[in-house]
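Reviewing the structure listed below.
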Amino acid sequence: MLTTRSTDGHLHSRAMTPVDARSETELTLTFLANNTSHKFEEIANDSNINVSFYDTETTRWASYSGKAKITRDKKLIEEYWSSKISSYFGDLKDGIHKGDRDDPRISIIQVIPDEIRYWFPTKGALGRAIDSGVGVITGRSSAPGQLRTITKSEIQLTQGLHTK
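Below you can see the structure in the form of structure tokens.
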């Protein structure tokens with residue numbers, strides 16, 4: 039879910055899928071998106087953004103907090119473009135808005151993370167269920183996984199950005 043803030047302070051989330059990362063160490067999330075949608079107005083108003091992911095099978099989740107950067111860089115659009123993205127735009131039959139990589143509605147949202155928090159289970163589904171059940175009976179809290187944080191300085195090291 040990509041979450042932005044409107045001018046009246048309300049948070050708005052929408053399901054979006056980032057493009058594939060170019061390397062294993064790339065932590066910047068990149069989205070191809072329709073620049074006529076409200077999310078672009080909201081990002082222009084407040085570039086602070088959150089992107090979250092949740093896996094229902096494993097209960098793993100990740101939350102990226104950072105700044106959004108919008109670009110119409112043709113080289114980047116070309117690099118990340120795939121034919122399946124066309125279906126999100128459609129052809130408006132006006133000769134301009136054809137839903138292809140040259141469509142003026144297509145922009146890139148890059149989320150440059152300041153912090154990444156993620157949780158992963160340390161027990162399987164059965165172990166988590168037992169742990170929760172024991173917690174209900176004994177009154178102890180259940181800890182079926184670990185929460186970790188990747189800080190801004192760690193992100194910069196990973197990205198090769200040696201500035202503070």
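Residue numbers (the numbering used here): 39 to 202.
Ideal placement from N, C-alpha and C gives every residue a C-beta, glycine not left out.
Original post:
What are the start and end residues of each continuous beta strand (DSSP E) run of 3 or more residues lying completely inside the segment 111-135, in chain order?
Top reply: none
Original post:
Is S170 helix, strand or coil by DSSP?
Top reply: Taking the first residue of the sequence shown as position 1, residue 170 is located at position 132. It is helical.
Original post:
Thinking C-alpha only, which one of P56, H76 and S179 is nearest L67?
Top reply: Locating residue 67 in the sequence shown gives position 29, where the first residue counts as 1. Comparing Cα positions, the closest option is P56.
Subject >> Sequence-distant residues of its chain with Cβ nearer than 6 Å to A106 (five each side left out) >> reply: As a first step, residue 106 must be located in the sequence shown, where it is residue number 68. The residues are I81, S85, I87, I147 and V149.
Original post:
Mind checking Y92: buried by the 16 CB within 10 Å criterion, or exposed?
Top reply: Counting from 1 along the sequence shown, the entry for residue 92 is found at position 54. By the 10 Å Cβ count, Y92 comes out exposed.
Subject >> Nonlocal neighbours in the same chain, by C-beta distance under 6 Å from G183, ignoring five residues either side >> reply: Counted from its first residue, the sequence shown places residue 183 at position 145. The answer, listed in chain order, is W157, F158, P159 and T160.
Subject >> Residues near S90 by beta carbon distance below 6 Å, same chain, minus five either side >> reply: If you number the sequence shown from 1, residue 90 lands on position 52. Only M39 and S101 meet the Cβ criterion.
Original post:
With a CB to CB cut of under 6 Å and the five nearest residues on each side skipped, what residues in its chain are close to T97?
Top reply: Along the sequence shown, read from residue 1 onward, the residue named residue 97 stands at position 59. Answer for T97: P159, listed in chain order.
Subject >> Same chain, Cβ closer than 6 Å to W119, neighbours up to 5 away in sequence not counted >> reply: Taking the first residue of the sequence shown as position 1, residue 119 is located at position 81. Hits under 6 Å: R139.
Original post:
Below 8 Å between beta carbons: does that hold for R143 and N72?
Top reply: As a working note, residue 143 is residue 105 in the sequence shown. As a working note, residue 72 is residue 34 in the sequence shown. Yes, the pair counts as a contact, with Cβ atoms nearer than the cut-off.
Subject >> Beta-carbon proximity of S145 to I188, cut-off 8 Å >> reply: Counting from 1 along the sequence shown, the entry for residue 145 is found at position 107. Counting from 1 along the sequence shown, the entry for residue 188 is found at position 150. It is not a contact, given that the beta carbons lie outside the stated cut-off.
Original post:
Under 8 Å, do E114 and T196 count as touching if we go by C-beta distance?
Top reply: As a position in the sequence shown, residue 114 is number 76, starting the count at 1. As a position in the sequence shown, residue 196 is number 158, starting the count at 1. The residue asked about is misnamed: residue 114 is Leu in this sequence, not Glu. No. Outside cutoff.
Subject >> Sequence-distant residues of its chain with Cβ nearer than 7 Å to T45 (five each side left out) >> reply: Counted from its first residue, the sequence shown places residue 45 at position 7. If we look at T45 and ignore the five residues flanking it on each side, its Cβ neighbours are N83.
Original post:
Do you know how far the Cα of R186 is from the Cα of G133?
Top reply: Here residue 133 refers to the residue found at position 95 when the sequence shown is read from its first residue. Here residue 186 refers to the residue found at position 148 when the sequence shown is read from its first residue. When rounded, the distance between both Cα atoms is 49 Å.
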